[in-house]
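Engineer:
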Amino acid sequence: MRTVPTCILGSADENPIVTGAHDPDKYVEVGSFTKVVTGTVLQQLSAQGVLTPDDPVERWLGVPRGTGITLRHLAEHTSGLPRLPPGTSRRDPYRRFTDDRLRELLTGLDGLAGAPAGQREEYSNLGYAVLGAALAAASGQEYEELVAELVLSPLGLPPAAMSATPPQHSRLLPTRWYGRTMKPWTMTGAVLPAGGLWATPRTLARVLTGLVLDRSLGDPALGWQRTGPLPVIWHNGATRTASVFAGAVPDGRWTVVHRLSADSDVTDQAGLDYLRTARAQGEG
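With this note's numbering applied, the sequence shown corresponds to residues 1 to 284, in that order.
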């Protein structure tokens, strides 16, 4: 069985634990970890008075009135919108999900919701695409500009630390049995705020600890997941080529696990196991 390239960083280890051909200093896909960055942009724009989390989405985007959907609903996955936009394909789900396509969908957003806003939680990449578009419209800035200004800079990171299009030579992707690099999904269009960023594992560790433990930008923003009994503040992500788990507990234990494999269940379990072991070591 092939070794899955894996990189683990955490509070219990001074140096990254690397297996296979992983590299803590190469850009990797972070998938839905992007959502906590988007949620933090929402938090910071709210702190600046640009918008509020309870703004109706129609305040900023061309959607029908009366959907009942707010920015908070989008951030908390309670908008009623489906997980994926209509028209996706298995081969490259988001290739046709361009900004123009999102604008078309917005005009009929009320018809896409499967439940009234606020009624139930349903994980939605489409919802975060809409949220990212609303943040850009409210601020008059591009999404990546907002990330650099409101998240990366306050954490002492350069603008290119998280990017939708890192240099090709700096990217790390898995290879198939016959040596060819696996092609990632197209995530640079409207889905970017839901899962399209790349970063190095070291950058992910800095973002995790800065936002969750150091609280450099205040309390953790909408978008982070919270799970007992540790309790863990965390988020994960999975794309065609990679999966990630990033989580921390209040006593200072933290970890980032990145694997060049889309099997997110294994990655999540590795992260939770690390936190349990690190916690036990700290208590002992």
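Ideal Cβ placement from N, Cα and C applies to all residues, glycine included.
In this text the structure is predicted, and so the values were computed from the model without any measurement.
What residue range is occupied by the uninterrupted alpha helix (DSSP H) comprising A75?
Structural biologist: On the sequence shown, position 75 is the one that residue 75 refers to. L71 to A75 is the span of the alpha helix (DSSP H), which, as asked, contains A75.
Engineer: Rounding to the nearest angstrom, what Cα-Cα distance links R96 and T267 in this structure?
Structural biologist: Position 96 of the sequence shown, counting from 1, holds the residue named residue 96. Position 267 of the sequence shown, counting from 1, holds the residue named residue 267. C-alpha separation (whole angstroms): 29 Å.
Engineer: Quick one: grab the DSSP three-state call for A117.
Structural biologist: If you number the sequence shown from 1, residue 117 lands on position 117. Reduced to three states, the DSSP call for A117 is coil.
Engineer: Is there contact here, the segment 157-165 with the segment 82-94, by at least three beta-carbon pairs under 8 Å?
Structural biologist: Flag = no, the segment 157-165 and the segment 82-94 do not touch.
Engineer: On the criterion of 16 or more Cβ atoms from any shown chain inside 10 Å, does E144 qualify as buried, or is it exposed?
Structural biologist: In the sequence shown, counting from the first residue as 1, residue 144 sits at position 144. The residue in question, E144, is buried, as its Cβ has 16 or more Cβ neighbours within 10 Å.
Engineer: Go through its chain and collect everything with a Cβ distance to R226's Cβ below 6 Å, but skip five positions before and after it.
Structural biologist: For the purposes of this step, residue 226 is identified with residue 226 of the sequence shown, where counting begins at 1. Correct list, in chain order: I233.
Engineer: Rounded to a whole number of angstroms, what is the C-alpha to C-alpha distance between V147 and R2?
Structural biologist: Here residue 147 is taken as the residue at index 147 of the sequence shown, counted from 1. Here residue 2 is taken as the residue at index 2 of the sequence shown, counted from 1. Cα to Cα, the separation comes out at about 36 Å.
Engineer: Quick check on DSSP: helix, strand or coil for G284?
Structural biologist: Taking the first residue of the sequence shown as 1, we reach residue 284 at position 284. Because the pLDDT of G284 is 48, which lies under 50, any placement of that residue in the model is unreliable, and the number read from its coordinates should be weighed accordingly. The answer is coil: DSSP assigns G284 none of H, G, I, E or B.
Engineer: Excluding the 5 residues preceding and the 5 following M187 in the sequence, name in chain order all residues of the same chain whose CB lies nearer than 8 Å to its CB.
Structural biologist: As a working note, residue 187 is residue 187 in the sequence shown. Hits under 8 Å: E29, Y94, A164, G195, G196 and T239.
Engineer: What are the complete alpha helix (DSSP H) segments, minimum 4 residues, inside the segment 121-166?
Structural biologist: Runs of the alpha helix (DSSP H) inside the segment 121-166: 125-139 and 143-147.
Engineer: Provide the residue span of the alpha helix (DSSP H) that contains R101, from first to last.
Structural biologist: Numbered from its first residue, the sequence shown carries residue 101 at position 101. D99 to L106 is the extent of the alpha helix (DSSP H) around R101.
Engineer: Evaluate K183 with the Cβ neighbour count: other Cβ atoms within 10 Å of its Cβ, from every protein chain shown; 16 or more gives buried, anything less gives exposed.
Structural biologist: The residue labelled residue 183 in the question sits at position 183 within the sequence shown. Exposed, by the Cβ-count rule.
Engineer: Is the beta carbon of L81 less than 8 Å from the beta carbon of A133?
Structural biologist: Working through the sequence shown from its first residue, we reach residue 81 at position 81. Working through the sequence shown from its first residue, we reach residue 133 at position 133. Going by C-beta atoms, L81 is not nearer than 8 Å to A133.
Engineer: Return the residue from the list Q141, P229, H235 and W198 that minimises the CA-CA distance to P220.
Structural biologist: What you label residue 220 is simply residue 220 of the sequence shown in a count that begins at 1. If we check each option's Cα against that of P220, H235 comes out closest.
Engineer: Find the nearest neighbour of D99 within the set H77, A190 and T38, judged by alpha-carbon distance.
Structural biologist: Here residue 99 corresponds to residue number 99 of the sequence shown, with the count starting at 1. Minimum Cα distance to D99 is reached at A190.
Engineer: Give me, in chain order, the residues of the same chain whose beta-carbon lies closer than 8 Å to that of G284; leave out the 5 immediate sequence neighbours on both sides.
Structural biologist: Here residue 284 refers to the residue found at position 284 of the sequence shown. With a pLDDT of only 48 at G284, under the threshold of 50, the placement of this residue in the model should not be trusted; the figure read from the coordinates follows. There are no such residues.
Engineer: Within 10 angstroms of the Cβ of Q43, are there 16 or more other Cβ atoms? Answer buried if so, exposed if not.
Structural biologist: For the purposes of this step, residue 43 is identified with residue 43 of the sequence shown, where counting begins at 1. The residue in question, Q43, is buried, as its Cβ has 16 or more Cβ neighbours within 10 Å.
Engineer: Return the CA-CA distance between A270 and W177, expressed in angstroms with no decimal places.
Structural biologist: Position 270 of the sequence shown, counted from the start, is the residue given in the question as residue 270. Position 177 of the sequence shown, counted from the start, is the residue given in the question as residue 177. Computed Cα separation, rounded: 24 Å.
Engineer: Could you tell me whether the Cβ atoms of P85 and I69 are closer together than 8 Å?
Structural biologist: Within the sequence shown, residue 85 is the residue found at index 85, counting from 1. Within the sequence shown, residue 69 is the residue found at index 69, counting from 1. Contact: no.
Engineer: Locate the beta strand (DSSP E) running through S243, then write down its first and last residues.
Structural biologist: Walking along the sequence shown from the start, residue 243 turns up at place 243. Unbroken beta strand (DSSP E) run through S243: S243 to A248.
Engineer: Could you compute how far the alpha carbon of G127 sits from the alpha carbon of A278?
Structural biologist: In the sequence shown, residue 127 corresponds to position 127, counting from 1. In the sequence shown, residue 278 corresponds to position 278, counting from 1. In a straight line, the C-alpha of G127 is about 35 Å away from that of A278.
Engineer: Using a Cβ-Cβ cut-off of 7 Å (strictly less than) and excluding sequence neighbours within five positions of P154, which residues of its own chain qualify?
Structural biologist: Residue mapping note: residue 154 aligns to position 154 of the sequence shown, counting from 1. The answer, listed in chain order, is S216 and L217.
Engineer: Between I17, I8 and P24, which has its C-alpha nearest L172's C-alpha?
Structural biologist: If you number the sequence shown from 1, residue 172 lands on position 172. The shortest Cα separation from L172 among I17, I8 and P24 belongs to P24.
Engineer: How is T227 classed by DSSP in three states: helix, strand or coil?
Structural biologist: Along the sequence shown, one-based indexing puts residue 227 at 227. Residue state, collapsed to three classes: strand.
Engineer: Taking Cβ positions, are L213 and A248 nearer each other than 8 Å?
Structural biologist: Walking along the sequence shown from the start, residue 213 turns up at place 213. Walking along the sequence shown from the start, residue 248 turns up at place 248. In this structure, A248 lies closer than 8 Å to L213 by Cβ.
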